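Chains as they are written, first to last, in this note's numbering: chain B, 1 to 334; chain S, 335 to 668. The C-beta atom is built at its ideal place from N, Cα and C for all residues, glycine as well. In this text, all values refer to a predicted model and were calculated from it rather than measured experimentally.
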DNA sequence: TTGAAAGCGCTAACAC
DNA sequence: GTGTTAGCGCTTTCAA
């Protein structure tokens, strides 16, 4: 396309149609009272000239960008990809486009992204599974007119929230309890390292202790939330602690990484080692043996986040908290 | 955050700092010659007031949005997720944000998305694995100042392209030839249905015939590019044609769906049925047996698309064509 | 039902 | 080095 081409503006259409630019503007936006005659006339001319409203000009005066930002730790993690799909579909249906800000599990990048963002860029922001601390996150979110977080509790005045587990670490504890019920005693934990307050090994040990389940802190290991790290950290964990009878993973990806390592180390799953994941991604049901994990409606989590954001963008600042229950899916690894 | 809050503008900073708004503008953009003294003075005031440039206003005058659109068939397909990651990382490094337009494998939605987009919304567009026909796609792309496609050939004046196989269907043919070499004769094909010109069963049969390999068209089946469809269509294909010795899949997702169906039907892989996929997603290496498929650098494909787009956005309209070679990865299914 | 004027917040171009 | 002026293309407001 030629770069020098004059962009068709309201003025061009108005001149050509023999009306004022206000009339054209009204026709294009379906606002105000316009005679049927003028309306069609303007429509025809606009069509012929190929008129397209200039988004920046409109935004400058209306202060609405029709854009929302979605901040995600890692879109190559199927868990997040599905959530994003839900976010985007719903936003699209309501006439919004999504600015994707993938942070690659890098807290610094998340911080930079959030700092860069402002209300002249987007009308609202969805922050999914933030990897930065409340101390950093909350002040940044406060600067935005409309905010929804996924998997992060927020002061009620900052934004609405969507959660996929009752409390952080809730699934890990459920998993351990289930493993205990099935007779496993030496239960390890692959804790996700996320730059933000997460459910630590300490929390894991303490919580289970209260339930009468004893966990050796040495059975717990910190691990970045990606497959390769699960494989590497999992291998080290199993080598150092061959006595482990079971491991709970922070997400399915790391659990499957550990499972691969376990198989290479000659462990027989589930007899020799039991495994529980956390978010039921497709791959988990397809490996052998299939992974016991927690299922939740990821698409709907994303869609709900979009809906809650929409409400806020429309001026309804009621705090809302949606909880999507997780369901233990028992498969071949336990 | 209070909605009524007055946004800090250049004027506010200028007044407060006792200079003109142009001086502030220059300081904020690091353009023109400004005395060190004024510069720091302005910076301090801007900082104190929390000044943030208004993106819409800037866009209105500069005609640059600093946004690129990335149109993708399905971000829950790990193949596309990785490409998108490459696109976004590279764009981000260059100061651009990415507008994600996921079309859910729906050609109508892709058409709608592309029609809606214009140069007041984004500075450039990357269309990945378009599912609409050239007749629809090319005219829409021509309206954009800067375009790059992934996996789609384009007239040289429309945009640059990034390809992950030599020709459409190239990998399927390579796969069939490889299967033939390993002794398989009755080779089926799970052809991706994509609303756009794809490599059809007819092409598959014809091309292989020229190589001396005979394929019965009844062994070929059309299939939407998602796991579930691969499972369903795969099951029907195998039930109707138990004589099949091997199947080539249009992508890894459908091939793995078919593999699941095959296992349920009691087929032993690879002895009783051999399988070849097409894009080596993580899951393919983790299933049992691991899938023979083609490997390519998906992240780099996306990153390259961003780079080529950047060149065009900077006014270098040289047509460029990048080809990322695929590599056959032989694993347990053959 | 239509139009004129003003201005959103910024930068380009030119003056001083 | 710094300021003034003139818009970018649109919608809001008010007048006709």
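Please confirm if residue i has its CB atom under 8 Å from at least one CB of chain S.
{"i": "residue 4/B", "result": "With a pLDDT of 47 at residue 4/B, under the threshold of 50, the modelled position of this residue cannot be trusted; read the value that follows with caution. Answer no: the Cβ-Cβ gap between residue 4/B and chain S never drops below 8 Å."}
{"i": "residue 56/B", "result": "yes"}
{"i": "residue 287/B", "result": "yes"}
{"i": "residue 21/B", "result": "no"}
{"i": "residue 78/B", "result": "yes"}
{"i": "residue 168/B", "result": "no"}
{"i": "residue 267/B", "result": "no"}
{"i": "residue 293/B", "result": "no"}
{"i": "residue 137/B", "result": "no"}
{"i": "residue 85/B", "result": "yes"}
{"i": "residue 100/B", "result": "yes"}
{"i": "residue 106/B", "result": "no"}
{"i": "residue 75/B", "result": "yes"}
Just to confirm the assignment, what range does the alpha helix (DSSP H) spanning residue i have?
{"i": "residue 234/B", "result": "227–240"}
{"i": "residue 596/S", "result": "586–598"}
{"i": "residue 296/B", "result": "No alpha helix (DSSP H) holds residue 296/B; DSSP gives it neither H nor E."}
{"i": "residue 135/B", "result": "134–142"}
{"i": "residue 206/B", "result": "201–210"}
{"i": "residue 110/B", "result": "107–116"}
{"i": "residue 357/B", "result": "No answer is possible for residue 357/B: it lies beyond the span of chain B, which begins at 1 and ends at 334."}
Distance cutoff 8 Å, beta carbons only. Does residue i sit that close to anything in chain B?
{"i": "residue 454/S", "result": "yes"}
{"i": "residue 416/S", "result": "yes"}
{"i": "residue 335/S", "result": "Only weak support exists for where residue 335/S lies, its pLDDT of 37 falling under 50; the value from the coordinates is given anyway. At least one chain B Cβ lies under 8 Å of residue 335/S."}
{"i": "residue 590/S", "result": "yes"}
{"i": "residue 663/S", "result": "no"}
{"i": "residue 617/S", "result": "yes"}
{"i": "residue 610/S", "result": "no"}
{"i": "residue 483/S", "result": "no"}
{"i": "residue 364/S", "result": "no"}
{"i": "residue 553/S", "result": "no"}
{"i": "residue 548/S", "result": "no"}
{"i": "residue 393/S", "result": "yes"}
{"i": "residue 669/S", "result": "The structure shown has nothing for residue 669/S, since chain S only spans 335 to 668."}
Run the proximity test for residue i: is its beta-carbon closer than 7 Å to any non-hydrogen atom belonging to the ligand NAD?
{"i": "residue 564/S", "result": "No copy of the ligand NAD appears in this structure; indeed no ligand is present at all."}
Would you give the residue range spanned by the beta strand (DSSP E) that residue i belongs to?
{"i": "residue 189/B", "result": "187–192"}
{"i": "residue 483/S", "result": "481–484"}
{"i": "residue 458/S", "result": "458–462"}
{"i": "residue 582/S", "result": "580–583"}
{"i": "residue 218/B", "result": "Residue 218/B -> no beta strand (DSSP E), and no H or E assigned at all."}
{"i": "residue 433/S", "result": "431–436"}
{"i": "residue 276/B", "result": "274–276"}
{"i": "residue 662/S", "result": "661–663"}
{"i": "residue 655/S", "result": "655–657"}
What distance in whole Å lies between the Cβ atoms of residue j and residue i, which are believed to be in contact at a cut-off of 8 Å?
{"i": "residue 389/S", "j": "residue 120/B", "result": "4 Å"}
{"i": "residue 578/S", "j": "residue 607/S", "result": "7 Å"}
{"i": "residue 496/S", "j": "residue 100/B", "result": "At roughly 19 Å, the Cβ-Cβ gap does not stay under 8 Å, so residue 496/S and residue 100/B are not in contact."}
{"i": "residue 441/S", "j": "residue 465/S", "result": "5 Å"}
{"i": "residue 127/B", "j": "residue 179/B", "result": "In fact, because the Cβ distance is near 32 Å, the residues do not count as touching under 8 Å."}
{"i": "residue 667/S", "j": "residue 599/S", "result": "So it is not a contact: roughly 15 Å between Cβ atoms."}
{"i": "residue 489/S", "j": "residue 472/S", "result": "7 Å"}
{"i": "residue 24/B", "j": "residue 13/B", "result": "5 Å"}
{"i": "residue 505/S", "j": "residue 660/S", "result": "6 Å"}
{"i": "residue 587/S", "j": "residue 628/S", "result": "Contact doesn't hold; Cβ gap of about 14 Å is too wide."}
{"i": "residue 585/S", "j": "residue 613/S", "result": "5 Å"}
Would you decide whether residue i is buried or exposed? Buried here means 16 or more other CB atoms lie within 10 Å of its CB.
{"i": "residue 307/B", "result": "buried"}
{"i": "residue 664/S", "result": "exposed"}
{"i": "residue 218/B", "result": "exposed"}
{"i": "residue 145/B", "result": "buried"}
{"i": "residue 260/B", "result": "buried"}
{"i": "residue 93/B", "result": "exposed"}
{"i": "residue 44/B", "result": "exposed"}
{"i": "residue 632/S", "result": "buried"}
{"i": "residue 437/S", "result": "buried"}
{"i": "residue 342/B", "result": "No statement about residue 342/B is possible, as the shown extent of chain B runs from 1 to 334 and does not include it."}
{"i": "residue 35/B", "result": "exposed"}
{"i": "residue 3/B", "result": "Note that residue 3/B scores a pLDDT of 40, beneath 50, so its modelled location is shaky; the value from the coordinates is reported in the next line. Label assigned to residue 3/B: exposed."}
{"i": "residue 408/S", "result": "buried"}
{"i": "residue 421/S", "result": "buried"}
{"i": "residue 544/S", "result": "exposed"}
Quiz item: What residue ranges within the stretch 339–425 of chain S form continuous alpha helix (DSSP H) runs of no fewer than 4 residues, ordered along the chain?
Solution: Within the stretch 339–425 of chain S, the complete alpha helix (DSSP H) segments of 4 residues or longer fall at 344–351, 355–363, 370–383, 389–396, listed in chain order.
Quiz item: Unbroken alpha helix (DSSP H) runs of length 4 or more, entirely within the stretch 488–524 of chain S: which are they?
Solution: For secondary structure counted as the alpha helix (DSSP H) over 4 or more consecutive residues, the stretch 488–524 of chain S holds these complete runs in sequence order: 504–515.
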